[in-house]
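Comments concern the structure below.
Number of protein chains: 2
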Amino acid sequence: MSTGSPAHDGSARDVSRAGRLAAERLDVDRLDTGRLAAERPEGYDPRAFEPFAVTVDLAVFTIRAGQLHTLLIRRGEPPYAGRWALPGGFLHARESAEDAARRELAEETGLPDALVADLQLEQLRTYSAPDRDPRMRVVSVAYTALVPDLPEPAASGGGDADQARWTPVATVGPLAFDHAAILADALDRTGAKLEYTCVATAFCPPEFTLGELQQVYETVWGATLDRPNFRRKVLASPGFVTPVPGASRLTGGRGKPAALYRRGPATTLHPPLLRPR
Amino acid sequence: MSTGSPAHDGSARDVSRAGRLAAERLDVDRLDTGRLAAERPEGYDPRAFEPFAVTVDLAVFTIRAGQLHTLLIRRGEPPYAGRWALPGGFLHARESAEDAARRELAEETGLPDALVADLQLEQLRTYSAPDRDPRMRVVSVAYTALVPDLPEPAASGGGDADQARWTPVATVGPLAFDHAAILADALDRTGAKLEYTCVATAFCPPEFTLGELQQVYETVWGATLDRPNFRRKVLASPGFVTPVPGASRLTGGRGKPAALYRRGPATTLHPPLLRPR
DNA sequence: ACAAAAGTGTTTTCCGTACACCCATGG
DNA sequence: CCATGGGTGTACGGAAAACACTTTTGT
């Protein structure tokens, strides 16, 4: 697909992100970087095994106030000190990348583990440019997560030097390492997945109206949809949503109360819900 | 998407695959595996940085005699000695995963580098289960490549102990490590990509007929398509194929000679070419 | 009574499907 | 002249886009 090819970037998490992450602090100086080719005169010895650091990066999206937001953390240590970055961290020794992503997500957002356990979490892509991280060779597996609007966003960790904050994707400035490219890829993928999967419900609370579901599509796609047609399409897709006998009122104080739905058992959308144009 | 979750498997390339790969031979005993949690009594030290080996695995597909084939190599060393496996290998020190995949593909297939340079190569997924490889912690980035039917398949390397062979996917037996899961994922992805991208032409020689292109779809999908409708859809997709003023005869000796086409500049298919049912 | 949001119906257009038919070539 | 494969035309059915209309609430 697209080749963001972010050249001079990196993604290794370091000692930043407050004391709550002390359990996975990394002392870069302890790393055996002596074999890295960058520190050898010229070329490398092909017979030497090169150890890599492996991390996960997370593009976590939610919708707040009709805008798509992503979770960013502020780096406290060089490189890129003071810059915003995607949450993430190193794989533990006996932990898969997805397990690591789930663990990091729980740590960063403070969500209960039970909620994180059955969360939409999709592997996006692996970023492996040799100079992603100026310090060492880091290969990072990026994941995308879609979460409902959380009452307390990521306010855990307190008002420390290392903040974590929901940021509207439209106002995201330059990010550390190649995280801008990762974020762009995640946005592309998320928009595309809405077309042929049921992931849109992941943005919604357990019970939601069709109007809220439509707002998810409109927010991510940046387009307006015809309400009657959207309604028909969703209800015609078996297993996309299941009705809840009961109604509630939303999106403003007035208007007819809307029926409530839960996400259905289906994961893919047949036929797809194509975006306009 | 799907979660193959291959549990007890691995993917590290070792000293197998003939002498032509000597440049990247790996002596497992030289690896610093002392820190691996599997060799410690119980649990692990979260503060210790764990070095990972990073490899690429390649699911290379071609169509020969109306059957989808994949390129497999036979392992000469334990673990899984004698078993077939996907081609692949370790990342070099200053090499991205895609570069490594391209290099390995050139080495395994013996294709000229120029041809490999502008080849369809798509990152599939990264496999990181902790026990993928019984010897050590290996994270593998899997790629999918689609190539035309090659005159000399993978006959380079000679009749050595380590063979490389095109195998019909229908007759693939058990594979080493989690390669069966990777192959299954690659098949799923390839079938899906035919629907909304132009990658099908990657299976074809530079000049091809619409009948050959249709056979690609029918072979990968295992379904028959209506020829007139297929023709219209392809020609209606701008940039999918471009006509060549000239004709040739094919697929048997008789019948009207078919017009020839080259692949066009487009990469995505609007509207998509959905498979039946 | 009016505004705002949910829900229903209808028309028109377009696309996918199925299938009939003609063309060119080899045996 | 018949089998085989390439290429064209066309009619039918269903889905999607556009839009008018009804229903139910709050103010």
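Here the protein sequences come in this chain order: A and B. Oh and the first sequence: position 224 is 579 in our numbering, straight run, nothing missing. Oh and the second sequence: position 139 is 494 in our numbering, straight run, nothing missing. Every residue, glycine too, gets a C-beta built ideally from N, C-alpha and C.
Beta-bridge partners assigned by DSSP to B/E477: B/T499. Remark: three or more beta-carbon pairs, one from each stretch, lie closer than 8 angstroms, so the stretch 565-572 of chain B and the stretch 598-612 of chain B are flagged as touching. At least one CB of chain B lies nearer than 8 angstroms to the CB of A/T481. The alpha-carbon separation between B/T597 and B/E459 amounts to approximately 31 angstroms. In terms of Cβ geometry, B/F585 and B/G619 do not form a close pair [threshold 8 angstroms].
C-alpha of B/D543 to C-alpha of A/G610: approximately 45 angstroms in a straight line. Taking 8 angstroms as the cut-off, the Cβ atoms of A/A519 and A/I418 do not count as close. At least 8 angstroms separates the beta-carbon of B/A531 from that of B/A414. Taking a 10 Å sphere around the C-beta of B/L446, we find 16 or more other C-beta atoms and assign the residue as buried. The beta carbon of A/V471 sits no closer than 8 angstroms to any beta carbon of chain B. When the beta-carbon positions are compared, A/R490 and A/V471 stay at least 8 angstroms from each other.
Chain B places a beta carbon closer than 8 angstroms to that of A/F407, counting this residue as a contact. Within the same chain, and ignoring the five residues on either side of B/V599 in sequence, the residues whose Cβ sits closer than 8 angstroms to its Cβ are E562, A614, L615, Y616, R617.
Remark: C-beta atoms of B/Q478 and A/T481 approach each other more closely than 8 angstroms.
When Cβ-Cβ separations below 8 angstroms define contact, A/R618 makes no contact with chain B. Under the Cβ distance rule, B/P485 counts among the residues neighbouring chain A, one pair being separated by less than 8 angstroms. DSSP, reduced to helix, strand and coil, places B/G566 within a helical segment of the structure shown.
By the C-beta density criterion, B/G437 is exposed, having fewer than 16 other C-beta atoms within 10 angstroms.
Note on A/H625: under 16 other CB atoms within 10 angstroms of its CB, so exposed under the neighbour-count rule. DSSP places A/G443 within a strand segment (E or B) once states are collapsed to three.
Taking each of B/W439, B/L423, B/L441 in turn and checking the Cα distance to B/D504, the smallest one comes out for B/L423. Closest option to A/S451, judged by alpha-carbon separation, among B/T522, B/D488, B/P612: B/D488.
Per the coordinates, the alpha-carbon of B/T499 lies some 34 angstroms from the alpha-carbon of A/G528.
B/A536 is the residue among B/A536, B/A525, B/G566, B/P442 whose C-alpha sits nearest the C-alpha of B/A484. Contacts between B/E450 and chain A, judged by CB atoms closer than 8 angstroms, involve P485 in chain order. Contact between A/A578 and A/P631 is confirmed by a C-beta separation of about 5 angstroms, below the 8 angstroms threshold. The three-state secondary structure of B/F595, taken from DSSP, is coil. One thing to note: A/L628 has its Cβ within 8 angstroms of the Cβ of A/K588. Judged by beta-carbon spacing, B/G431 lies beyond the 8 angstroms limit of B/V411, meaning their Cβ atoms are not closer than that value. The beta-carbon of A/Q518 is placed no less than 8 angstroms from the nearest beta-carbon of chain B. Counting only residues of its own chain and dropping the five nearest sequence neighbours on each side, B/A461 has a CB closer than 7 angstroms to the CB of D468, V471.
Pairing B/A591 with A/D581, the inter-Cα distance amounts to about 27 angstroms. B/A448 counts as buried, since at least 16 other C-beta atoms from the protein chains shown sit within 10 angstroms of its C-beta.
The beta-bridge partner set that DSSP reports for A/S603 consists of A/A613. Where B/H625 is concerned, there is no enclosing alpha helix (DSSP H), because DSSP gives it neither an H nor an E.
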